[in-house]
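What follows is a short report on a single structure.
In the numbering used here, the protein residues as written are 2 to 238.
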(Lines of atoms letter the chains of each structure in order from A and count residues from 1; the text may use other names and numbers.)
(Lines give C-alpha, C1' and ligand atoms only; values in the text may rest on other atoms or scores of the structure.)
Protein backbone atom coordinates (compact mmCIF):
# COMPACT_ATOMS: atom_id res chain seq x y z
CA UNK A 1 0.00 0.00 0.00
CA UNK A 2 1.73 3.26 -0.90
CA UNK A 3 1.04 6.47 -3.28
CA UNK A 4 -2.13 8.72 -8.40
CA UNK A 5 -0.10 11.75 -9.09
CA UNK A 6 -2.12 14.83 -8.24
CA UNK A 7 -1.54 18.41 -7.23
CA UNK A 8 -3.34 20.23 -4.49
CA UNK A 9 -3.50 23.85 -3.45
CA UNK A 10 -1.19 25.30 -0.87
CA UNK A 11 1.45 27.86 -0.04
CA UNK A 12 4.37 28.13 -2.45
CA UNK A 13 7.83 28.58 -1.03
CA UNK A 14 11.01 28.70 -3.09
CA UNK A 15 12.83 25.36 -2.64
CA UNK A 16 16.17 27.10 -3.14
CA UNK A 17 15.51 29.47 -0.24
CA UNK A 18 14.29 26.69 2.00
CA UNK A 19 17.19 24.39 1.11
CA UNK A 20 19.75 27.09 1.88
CA UNK A 21 18.13 27.83 5.22
CA UNK A 22 17.86 24.14 6.11
CA UNK A 23 21.48 23.49 5.15
CA UNK A 24 22.70 26.30 7.37
CA UNK A 25 20.49 25.06 10.23
CA UNK A 26 21.84 21.50 10.03
CA UNK A 27 25.44 21.74 8.82
CA UNK A 28 27.00 23.59 11.76
CA UNK A 29 25.64 21.25 14.48
CA UNK A 30 26.77 18.28 12.37
CA UNK A 31 30.30 19.63 12.04
CA UNK A 32 30.46 20.15 15.79
CA UNK A 33 28.98 16.76 16.68
CA UNK A 34 30.74 14.60 14.09
CA UNK A 35 34.04 14.05 15.91
CA UNK A 36 32.59 12.99 19.30
CA UNK A 37 29.98 10.82 17.59
CA UNK A 38 32.63 9.07 15.52
CA UNK A 39 34.50 8.34 18.75
CA UNK A 40 31.57 6.13 19.77
CA UNK A 41 30.78 2.68 18.43
CA UNK A 42 28.35 3.22 15.49
CA UNK A 43 25.24 1.69 17.07
CA UNK A 44 25.80 3.58 20.30
CA UNK A 45 26.28 6.82 18.34
CA UNK A 46 23.01 6.18 16.52
CA UNK A 47 21.17 5.60 19.79
CA UNK A 48 22.65 8.73 21.32
CA UNK A 49 21.73 10.86 18.28
CA UNK A 50 18.17 9.55 18.36
CA UNK A 51 17.89 10.40 22.06
CA UNK A 52 19.10 13.94 21.37
CA UNK A 53 16.60 14.26 18.52
CA UNK A 54 13.71 13.16 20.74
CA UNK A 55 14.79 15.57 23.46
CA UNK A 56 15.16 18.49 21.05
CA UNK A 57 11.71 17.87 19.57
CA UNK A 58 9.85 16.68 22.64
CA UNK A 59 6.74 18.81 22.03
CA UNK A 60 4.47 19.40 19.05
CA UNK A 61 5.42 23.10 19.07
CA UNK A 62 9.13 22.27 18.75
CA UNK A 63 8.45 19.81 15.94
CA UNK A 64 6.31 22.35 14.09
CA UNK A 65 9.09 24.93 14.40
CA UNK A 66 11.65 22.47 13.04
CA UNK A 67 9.34 21.58 10.17
CA UNK A 68 8.94 25.26 9.23
CA UNK A 69 12.74 25.62 9.15
CA UNK A 70 13.58 22.40 7.35
CA UNK A 71 10.68 21.27 5.16
CA UNK A 72 10.39 22.32 1.52
CA UNK A 73 6.79 23.36 0.92
CA UNK A 74 6.41 23.29 -2.86
CA UNK A 75 3.32 22.41 -4.90
CA UNK A 76 5.42 20.58 -7.49
CA UNK A 77 6.56 18.09 -4.84
CA UNK A 78 3.14 17.18 -3.48
CA UNK A 79 2.31 13.67 -4.59
CA UNK A 80 -0.68 11.35 -4.29
CA UNK A 81 -0.33 7.59 -4.72
CA UNK A 82 -2.59 4.74 -3.64
CA UNK A 83 -4.94 7.26 -2.06
CA UNK A 84 -2.23 8.71 0.17
CA UNK A 85 -1.22 12.39 -0.03
CA UNK A 86 2.51 12.98 0.45
CA UNK A 87 3.90 16.50 1.01
CA UNK A 88 6.96 15.42 -0.99
CA UNK A 89 8.29 12.16 -2.47
CA UNK A 90 11.45 11.95 -0.34
CA UNK A 91 10.99 9.67 2.64
CA UNK A 92 13.02 7.84 5.25
CA UNK A 93 13.20 4.09 4.69
CA UNK A 94 12.87 1.44 7.37
CA UNK A 95 15.97 0.64 9.40
CA UNK A 96 16.60 4.06 10.94
CA UNK A 97 13.73 3.98 13.45
CA UNK A 98 13.40 0.27 14.04
CA UNK A 99 11.11 0.46 17.08
CA UNK A 100 8.79 3.31 16.12
CA UNK A 101 9.85 5.68 18.88
CA UNK A 102 11.07 8.67 16.83
CA UNK A 103 8.95 8.87 13.68
CA UNK A 104 7.31 12.22 14.51
CA UNK A 105 10.67 13.79 15.30
CA UNK A 106 12.12 12.43 12.06
CA UNK A 107 9.09 13.66 10.14
CA UNK A 108 9.74 17.16 11.47
CA UNK A 109 13.07 17.14 9.59
CA UNK A 110 11.11 17.51 6.36
CA UNK A 111 10.59 13.96 5.10
CA UNK A 112 7.50 13.29 3.01
CA UNK A 113 7.00 10.02 4.86
CA UNK A 114 8.74 7.94 7.51
CA UNK A 115 8.81 4.15 7.46
CA UNK A 116 9.49 2.35 10.73
CA UNK A 117 10.73 -1.19 11.29
CA UNK A 118 11.42 -3.83 10.28
CA UNK A 119 9.01 -5.14 12.94
CA UNK A 120 8.33 -8.82 13.63
CA UNK A 121 5.49 -10.34 15.60
CA UNK A 122 7.95 -11.76 18.14
CA UNK A 123 10.42 -9.47 19.89
CA UNK A 124 13.99 -10.33 18.94
CA UNK A 125 17.42 -8.98 19.89
CA UNK A 126 18.97 -9.20 16.44
CA UNK A 127 22.49 -10.31 15.64
CA UNK A 128 25.36 -10.20 18.17
CA UNK A 129 27.38 -7.00 18.50
CA UNK A 130 29.14 -5.47 16.67
CA UNK A 131 26.67 -5.40 13.79
CA UNK A 132 26.93 -1.85 12.46
CA UNK A 133 30.13 -0.69 10.75
CA UNK A 134 31.32 2.63 9.35
CA UNK A 135 32.83 2.90 5.87
CA UNK A 136 34.28 6.44 6.10
CA UNK A 137 35.81 6.43 2.62
CA UNK A 138 32.39 5.68 1.14
CA UNK A 139 30.50 7.90 3.61
CA UNK A 140 28.36 4.85 4.31
CA UNK A 141 27.36 2.30 6.92
CA UNK A 142 27.25 -1.48 6.68
CA UNK A 143 24.60 -3.11 8.85
CA UNK A 144 23.99 -6.69 9.90
CA UNK A 145 21.35 -5.89 12.48
CA UNK A 146 19.07 -8.91 12.10
CA UNK A 147 15.63 -7.34 12.54
CA UNK A 148 16.19 -6.28 16.16
CA UNK A 149 12.91 -4.86 17.48
CA UNK A 150 10.61 -5.06 20.54
CA UNK A 151 7.86 -6.97 18.71
CA UNK A 152 4.64 -5.94 16.99
CA UNK A 153 2.49 -5.82 20.13
CA UNK A 154 4.90 -3.49 21.95
CA UNK A 155 5.21 -1.23 18.91
CA UNK A 156 1.41 -1.13 18.52
CA UNK A 157 1.06 -0.03 22.14
CA UNK A 158 3.62 2.71 21.54
CA UNK A 159 1.90 3.90 18.36
CA UNK A 160 -1.44 4.07 20.16
CA UNK A 161 0.10 6.67 22.47
CA UNK A 162 1.75 8.71 19.69
CA UNK A 163 -0.61 9.88 16.94
CA UNK A 164 1.37 10.23 13.72
CA UNK A 165 2.16 13.75 12.50
CA UNK A 166 3.76 12.39 9.32
CA UNK A 167 2.74 9.86 6.68
CA UNK A 168 3.71 6.68 8.52
CA UNK A 169 4.71 3.46 6.80
CA UNK A 170 5.31 0.25 8.72
CA UNK A 171 7.70 -2.43 7.50
CA UNK A 172 6.98 -5.98 8.70
CA UNK A 173 9.16 -9.08 8.50
CA UNK A 174 9.23 -12.72 9.52
CA UNK A 175 10.32 -13.58 13.05
CA UNK A 176 13.55 -15.56 13.13
CA UNK A 177 12.02 -18.26 15.36
CA UNK A 178 9.04 -18.82 13.04
CA UNK A 179 9.39 -21.82 10.70
CA UNK A 180 9.34 -20.89 7.04
CA UNK A 181 6.15 -22.89 6.47
CA UNK A 182 4.38 -20.69 9.06
CA UNK A 183 5.68 -17.40 7.69
CA UNK A 184 2.36 -16.23 6.21
CA UNK A 185 0.58 -16.38 9.58
CA UNK A 186 3.56 -14.66 11.18
CA UNK A 187 3.25 -11.72 8.78
CA UNK A 188 -0.52 -11.62 9.16
CA UNK A 189 -0.33 -11.36 12.93
CA UNK A 190 2.02 -8.37 12.66
CA UNK A 191 -0.30 -6.85 10.07
CA UNK A 192 -3.33 -7.20 12.34
CA UNK A 193 -1.55 -5.48 15.22
CA UNK A 194 0.00 -2.63 13.23
CA UNK A 195 -2.27 -1.76 10.33
CA UNK A 196 -4.52 0.54 12.43
CA UNK A 197 -1.57 2.93 12.68
CA UNK A 198 -0.10 2.65 9.17
CA UNK A 199 -0.82 4.66 6.04
CA UNK A 200 0.94 1.91 4.13
CA UNK A 201 2.57 -1.42 4.96
CA UNK A 202 5.74 -2.90 3.46
CA UNK A 203 6.28 -6.67 3.42
CA UNK A 204 10.00 -7.34 3.86
CA UNK A 205 11.30 -10.55 2.26
CA UNK A 206 14.82 -9.33 1.52
CA UNK A 207 16.96 -9.63 4.64
CA UNK A 208 19.91 -12.06 4.44
CA UNK A 209 20.02 -12.09 8.26
CA UNK A 210 16.84 -14.19 8.65
CA UNK A 211 17.55 -17.78 7.53
CA UNK A 212 15.48 -18.79 4.51
CA UNK A 213 13.66 -15.46 4.26
CA UNK A 214 14.71 -14.71 0.71
CA UNK A 215 13.21 -17.98 -0.50
CA UNK A 216 9.89 -16.14 -0.10
CA UNK A 217 10.92 -14.08 -3.13
CA UNK A 218 10.23 -17.08 -5.37
CA UNK A 219 7.10 -16.57 -7.45
CA UNK A 220 4.74 -19.03 -5.79
CA UNK A 221 5.56 -18.30 -2.11
CA UNK A 222 5.55 -14.56 -2.79
CA UNK A 223 2.19 -14.76 -4.57
CA UNK A 224 0.71 -16.69 -1.66
CA UNK A 225 2.13 -14.31 0.96
CA UNK A 226 1.13 -11.08 -0.76
CA UNK A 227 -2.31 -12.44 -1.62
CA UNK A 228 -2.92 -13.27 2.03
CA UNK A 229 -1.61 -9.87 3.19
CA UNK A 230 -3.75 -7.92 0.71
CA UNK A 231 -6.85 -9.96 1.55
CA UNK A 232 -6.37 -9.54 5.29
CA UNK A 233 -5.59 -5.82 5.02
CA UNK A 234 -8.83 -5.22 3.11
CA UNK A 235 -10.81 -7.02 5.79
CA UNK A 236 -9.15 -4.92 8.51
CA UNK A 237 -9.53 -1.48 6.94
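Ideal Cβ positions, reconstructed from N, Cα and C, are used throughout, including at glycine.
Can you tell me which of the three DSSP states residue i falls into?
i: residue 178; result: coil
i: residue 116; result: strand
i: residue 141; result: strand
i: residue 130; result: coil
i: residue 110; result: coil
i: residue 149; result: coil
i: residue 172; result: strand
Taking the alpha helix (DSSP H) that residue i falls in, what are its first and last residues?
i: residue 1; result: In the structure displayed, the chain extends from 2 to 238; residue 1 sits before or after that span and is not available.
i: residue 155; result: 153-162
i: residue 220; result: 220-237
i: residue 190; result: 184-195
Would you grab the beta carbon distance between residue i and residue j for me? Rounded to a whole angstrom, and I think it's under 8 Å.
i: residue 194; j: residue 154; result: 6 Å
i: residue 170; j: residue 200; result: 6 Å
Ends of the beta strand (DSSP E) at residue i?
i: residue 134; result: 133-136
i: residue 122; result: Looking at the DSSP string, residue 122 is not in any beta strand (DSSP E), and its letter there is neither H nor E.
i: residue 203; result: 201-204
Which residues in the same chain have their Cβ closer than 7 Å to the Cβ of residue i, if we skip the five residues on either side of it in sequence?
i: residue 237; result: 193, 196
i: residue 100; result: 150, 151, 156
i: residue 16; result: Note that residue 16 has pLDDT 46, beneath the 50 cutoff, so the model's placement of it is unreliable and the number below is only indicative. Excluding positions up to five away in sequence, the list reads 73, 75.
Excluding five sequence neighbours on each side, which residues of the same chain lie with their C-beta closer than 6 Å to the C-beta of residue i?
i: residue 227; result: none
i: residue 177; result: 125, 211
Alpha helix (DSSP H) segments (min. 4 residues) lying fully within the region 60-88: 61-71
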